[in-house]
Amino acid sequence: MKQASLAIDVGATKVAVGLIARDGQVLARIDVSSKVDSIQELNSSLAAAIASVMATDGVVVVGAGIGSAGPIDNAKGTINPVNIAAWVDFSLVDFVKDVSGLSSVRIIGDASALAYAEFVLGAGRGATNLMGIVVSTGIGGGVVLNGEFHVGRTGNAGYIGHAVVVKDGTLCACGQHGCVEAYASGTNMAKDFGVDKFEDVADAARKGDAKAVAAIEKGAAVLALGLLNAVALMDLDTIVVGGGVMSADDVYWPILVKCFEKEMKSLNFPGNVALKKATLGKDSGLVGAGLVGFISHEKGA
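For the sequence shown, the residue numbers in our numbering are 136 to 436.
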């Protein structure tokens, strides 16, 4: 029997549930919409998805890892994702333990899951100080410092989306003003252009729409400023970028690289900082959560 980890990746619009092998292979996956009317509906759908993937033939599930949009509290096992109204201070770790029957369940931020997966298996292999970021409906971040996975006191280390970079700036969904996410998320770049989806901004930019290009440049410039601060604080050598916005990397990536290189000229100590695309694709967060599930099993937590 092949050992597997139950992996749960909580995003802004969906919850991915899967089984992950030790080598990062995705053995099973089901996506559940988080845009529902009640906590009961969401919990019922999640429980059914967990039961379904755990029934996969030929595997033994040894632990579970959860990567969730933040903020989270890894000591309490609770989540309070800004974009999922049904889950407010929800005890997701206890819920997964009850539904799965597993005793070893650990929760981390969704971008921390991406960072860890890319550090172990993807674009971040060989890095020492790495930040992984997710640019999607929101913006999250996770860090590896001195070669060790680092989640911080509450589990929110690397939470770059809600670092304030514009004093008294645009109101963010979290309640602060001037957050990186308020300008640089796919949702807010789309809002700046006057559409609902970032894909529409990217399509317009491909056709040469100057306003679309300007909206992407504005968001990328703010993100680059946030990344500059992260490099200054943590002496990073590698930054890996993933998330839904990277599905339009033909448009977005050259702009982000240009903005980042411009900001980095103001720092004279870090040397070369590699800005890389995530290589594990849409499964990076799920794979990272699964790898953390194996760690949870081995540590008995």
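Backbone N, C-alpha and C define an ideal beta-carbon position, used for all residues, glycine too. In this text, all values refer to a predicted model and were calculated from it rather than measured experimentally.
Check whether the Cβ atoms of residue i and residue j sit closer than 8 Å, and answer yes or no.
i: K266; j: I374; result: The question names Lys, but residue 266 is Met in the sequence shown. It is a contact, given that the beta carbons lie within the stated cut-off.
i: A345; j: V386; result: no
i: V286; j: N403; result: no
i: G296; j: T305; result: no
i: G354; j: A319; result: yes
i: A252; j: V422; result: yes
i: T191; j: A151; result: no
i: F333; j: G343; result: no
i: G236; j: G425; result: no
i: A204; j: P216; result: yes
i: V255; j: G378; result: no
i: V231; j: D418; result: no
Apart from the five residues on each side of it in sequence, which residues of its chain come closer than 6 Å, Cβ to Cβ, to residue i?
i: G420; result: D144, G202, D245, A248, L249
i: G277; result: G244, A246, S247, A250, G267, G293
i: P206; result: N215, N291
i: I430; result: none
i: A356; result: C394
i: G259; result: E253, L265, T373, V375
i: G406; result: none
Alpha carbons only, please: which of the options is nearest the one belonging to residue i?
i: I268; options: V330, V366, T213; result: V366
i: I165; options: L141, C309, H432; result: L141
i: L125; options: V299, E398, K417; result: With the chain running from 136 to 436 in the structure shown, residue 125 is simply not present.
i: V427; options: R241, T191, D233; result: R241
i: V195; options: T263, K417, A156, A183; result: A156
i: I274; options: N218, F328, L227, V161; result: N218
i: A220; options: D158, S173, A184; result: S173
i: T213; options: T289, V171, A258, S238; result: T289
Compute the Euclidean distance between the alpha carbons of residue i and residue j, then round it to the nearest angstrom.
i: A337; j: L280; result: 34 Å
i: W222; j: K211; result: 15 Å
i: A186; j: T272; result: 28 Å
i: V315; j: L360; result: 9 Å
i: L371; j: L363; result: 10 Å
i: L181; j: K400; result: 46 Å
i: N178; j: V197; result: 22 Å
i: C394; j: D384; result: 14 Å
i: G416; j: V301; result: 31 Å
i: G282; j: M136; result: 31 Å
i: M381; j: A413; result: 9 Å
i: E433; j: F225; result: 26 Å
i: T263; j: Q175; result: 43 Å
i: A317; j: G261; result: 32 Å
i: D331; j: G193; result: 43 Å
i: D158; j: V376; result: 21 Å
i: Q138; j: A184; result: 19 Å
i: A308; j: V228; result: 25 Å
i: S238; j: L358; result: 39 Å
i: K326; j: D233; result: 40 Å
i: G310; j: E396; result: 30 Å
What residues in its chain sit with their C-beta under 8 Å from that of residue i, if we drop five residues either side in the sequence?
i: I351; result: M324, V336, A337, A340, V386, Y387, I390
i: L368; result: none
i: M189; result: L141, L154, V196, S235
i: D303; result: H312, G313
i: V408; result: V366, L371, D372, T373, I374, M399
i: F328; result: D335, V336, A339, K346, A347, A350
i: G257; result: V375, A413, T414, L415, S419
For residue i, collect the residues of the same chain with a Cβ closer than 7 Å to its Cβ; drop the 5 residues on either side in sequence, then sort them by chain order.
i: K149; result: D166, V167, S168, S169
i: V348; result: A340
i: V392; result: L410
i: F284; result: Y251
i: V171; result: L177, A221
Mind checking whether the beta-carbon of residue i lies closer than 7 Å to any heavy atom of the ligand ADP?
i: G276; result: Among the components of this structure there are no ligands whatsoever, and the ligand ADP is therefore not found.
Do we get a CB-CB distance below 8 Å when we pair residue i with the residues of chain D?
i: G261; result: No chain D appears in this structure, which consists of one protein chain only.
Which complete beta strand (DSSP E) runs does the region 155 to 211 hold, if anything under 3 residues is left out? 161 to 168, 194 to 203
Report the residue ranges of all beta strand (DSSP E) runs contained in full by the region 350 to 412; include only those spanning at least 3 residues, in chain order. 373 to 377, 409 to 412
Taking only runs that begin and end inside the region 254 to 338, name each unbroken alpha helix (DSSP H) of 4 or more residues, in chain order. 316 to 319, 321 to 328
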